[in-house]
Amino acid sequence: MTKTPNITIREAVPQDVALILGFIRKKAAFDGVPHWVEATEEKLQSELFSQHPKAFVLFAEVSGQVVGFAIYFLTFSSFMARPGIWLDDLFVDESARGQGAGKALLAHLAGLADERGYGRVEWVTAAGNANGLAFYQRNGARVQDGVRVLRLDRPAISHLAQNGVA
């Protein structure tokens, strides 16, 4: 648990599943894609709190009230031969923005990476999220030139798996 003035960062526990799903929905709405959310409490319970969790969740609390969250998972860089952290989502309630909760979450992740010897913390942000981009850059992040994010969604995964090379 990390503490900064009035902000506490804590790891999620299984009893937080409804809260996690609520923040996922808030983040999706903020991004303009609420219809993308397929997560359910049951899926989150099994994926986040099994013997081998696929991802981890942190909460930022102010005076005992959860105001933000971060979901992350581990990656591996073949070039560095080191693990890293992929920050999948970071979201702070609008009413709590500018009070340090986002920075505390990001700093906590950096602390985990530093103490474990990880090579990097990475994430993407929406191209139109100017405030988010400015926040990340103020905290030391650099935009990676020459890199594009690619994705196979569920239909593309199934198509490629069933049909092989296009």
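No gaps in the numbering here: position 151 of the sequence shown is 145 in the working numbering, and each next residue is one more.
Don't be surprised by glycine CBs; every beta carbon is placed ideally from N, CA and C.
By how many angstroms is the C-alpha of residue j removed from the C-alpha of residue i?
{"i": "glycine 96", "j": "glycine 62", "result": "7 Å"}
{"i": "serine 152", "j": "alanine 121", "result": "28 Å"}
{"i": "proline 28", "j": "glycine 105", "result": "31 Å"}
{"i": "alanine 150", "j": "asparagine 157", "result": "10 Å"}
{"i": "glycine 140", "j": "glycine 58", "result": "42 Å"}
{"i": "arginine 148", "j": "isoleucine 79", "result": "24 Å"}
{"i": "serine 89", "j": "serine 40", "result": "31 Å"}
{"i": "alanine 124", "j": "proline 8", "result": "34 Å"}
{"i": "leucine 68", "j": "histidine 46", "result": "12 Å"}
{"i": "proline 77", "j": "alanine 101", "result": "18 Å"}
{"i": "arginine 4", "j": "arginine 91", "result": "18 Å"}
{"i": "leucine 42", "j": "glutamate 32", "result": "15 Å"}
{"i": "valine 56", "j": "glutamine 138", "result": "33 Å"}
{"i": "isoleucine 18", "j": "serine 72", "result": "30 Å"}
{"i": "glycine 16", "j": "glutamate 109", "result": "30 Å"}
{"i": "arginine 136", "j": "lysine 20", "result": "26 Å"}
Within 10 angstroms of the Cβ of residue i, are there 16 or more other Cβ atoms? Answer buried if so, exposed if not.
{"i": "phenylalanine 70", "result": "exposed"}
{"i": "leucine 52", "result": "buried"}
{"i": "leucine 144", "result": "exposed"}
{"i": "lysine 37", "result": "exposed"}
{"i": "alanine 54", "result": "buried"}
{"i": "leucine 146", "result": "exposed"}
{"i": "alanine 6", "result": "buried"}
So residue i and residue j are in contact, right, with Cβ under 8 Å, and what is the actual spacing, rounded?
{"i": "alanine 64", "j": "aspartate 83", "result": "7 Å"}
{"i": "leucine 13", "j": "valine 60", "result": "6 Å"}
{"i": "glycine 134", "j": "methionine 74", "result": "Not quite, the Cβ-Cβ distance comes to about 18 Å (not below 8 Å), so this is no contact."}
{"i": "isoleucine 1", "j": "glycine 111", "result": "At roughly 26 Å, the Cβ-Cβ gap does not stay under 8 Å, so isoleucine 1 and glycine 111 are not in contact."}
{"i": "valine 115", "j": "leucine 81", "result": "6 Å"}
Leaving out the 5 sequence neighbours to the left and right, which residues in its chain are closer than 6 Å to residue i when beta-carbon positions are compared?
{"i": "tryptophan 30", "result": "Ala22"}
{"i": "alanine 107", "result": "Ile79 and Val115"}
Does any C-beta atom of chain C lie closer than 8 Å to the C-beta of residue i?
{"i": "valine 118", "result": "Included in the structure is just one protein chain, with no chain C present."}
Going along the chain, which residues of its own chain have a beta-carbon closer than 8 Å to the beta-carbon of residue i, five neighbours each way excluded?
{"i": "aspartate 10", "result": "Val51 and Phe53"}
{"i": "valine 118", "result": "Val143"}
Note down, in chain order, each residue of its chain lying with its Cβ closer than 7 Å to the Cβ of residue i, except the 5 sequence neighbours on either side.
{"i": "aspartate 25", "result": "Ala120"}
{"i": "tyrosine 66", "result": "Ala49, Phe50, Ile79, Trp80, Leu81, Asp82 and Leu103"}
{"i": "phenylalanine 85", "result": "Phe17, Lys20, Lys21, Phe24, Gly62 and Phe63"}
Return yes when the C-beta of residue i is under 7 Å from any heavy atom of the ligand ADP, and no when it is not.
{"i": "leucine 84", "result": "As presented, the structure is devoid of all ligands, the ligand ADP included, so that no description of it is given."}
* Asked: So, do the region 28 to 47 and the region 129 to 142 have three or more beta carbon pairs nearer to each other than 8 Å?
  -> Because the criterion of three Cβ pairs below 8 Å is not met, the region 28 to 47 and the region 129 to 142 do not touch.
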